[in-house]
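Following numbering that gives the first Met the number 0, the numbering of the sequence shown begins with 0 at its first residue and continues without gaps.
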Amino acid sequence: MNAREIDELLRSAAPEPPLPAGFRCEVWSRIAHADQRSLAARFGRVAALFTRPVPAFASVAVTVLVGAWLGLATAPPAKSARLSYVESISPFLQQHTP
């Protein structure tokens, strides 16, 4: 007997153990549960939330309000109209930029 015949004989003699009754069902439930916990599934659920009109509008409104607040919070202090006029005509108060 050569090695190929021995391999075939061993394959034919190896019994396959019977699977438990709910094996396939349990495997598929584990796969489904793993898919639900994946990062892609979580991102998909969040993205699906923003396809509805109310959450989409709310997120845009919050973004605009936060942007306006940051724009006002970081803006330089406003000068009074009188000070701006005096700076524009007085050679001593003009700020020279290089």
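Even for Gly, the Cβ is constructed at its ideal location relative to N, Cα and C.
Endpoints, the alpha helix (DSSP H) within which residue i is located
i: residue 62; result: 52-72
i: residue 83; result: 80-88
i: residue 2; result: 2-12
Where residue i sits in the DSSP three-state scheme
i: residue 38; result: helix
i: residue 43; result: helix
i: residue 49; result: coil
i: residue 15; result: coil
i: residue 96; result: Low confidence applies here, because residue 96 scores a pLDDT of 49, under 50, leaving its location unreliable; read the following figure in that light. Coil at residue 96, not helix or strand.
i: residue 91; result: coil
i: residue 77; result: coil
C-beta atoms of residue i and residue j nearer than 8 Å
i: residue 49; j: residue 58; result: yes
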